[in-house]
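With our numbering applied, the sequence shown corresponds to residues 212 to 260, in that order.
These notes concern the structure reproduced below.
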Amino acid sequence: MSFINELKSFNLLIQECEDSLRKLEKMSKIVTQHVETAVFVNCDKEEMH
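Here it is in structure tokens:
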């Protein structure tokens with residue numbers, strides 16, 4: 212019985228890791244978008260001079 216309980220808690224750990232990975236993925240996409248936007252804006256400013 213304890214083996215099944217250990218498996219269950221292990222599954223919970225894996226789920227938490229997957230959730231964290233998804234959050235990280237979303238954050239990295241947002242950061243990438245901000246960086247791309249910032250670079251794009253800076254390029255526009257450079258061309259105007």
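From the three backbone atoms N, C-alpha and C, an ideal C-beta is built for every residue, glycine too.
Residue i - DSSP class collapsed to helix/strand/coil
i, result
"His212", "The residue you asked about is not His; residue 212 is Met in the sequence shown. Coil at Met212, not helix or strand."
Neighbourhood of residue i by C-beta distance below 6 Å, restricted to the same chain and skipping five residues each side
i, result
"Phe221", "none"
Any C-beta of chain D under 8 Å from that of residue i
i, result
"Glu247", "The displayed structure is made up of one protein chain only, and chain D is not part of it."
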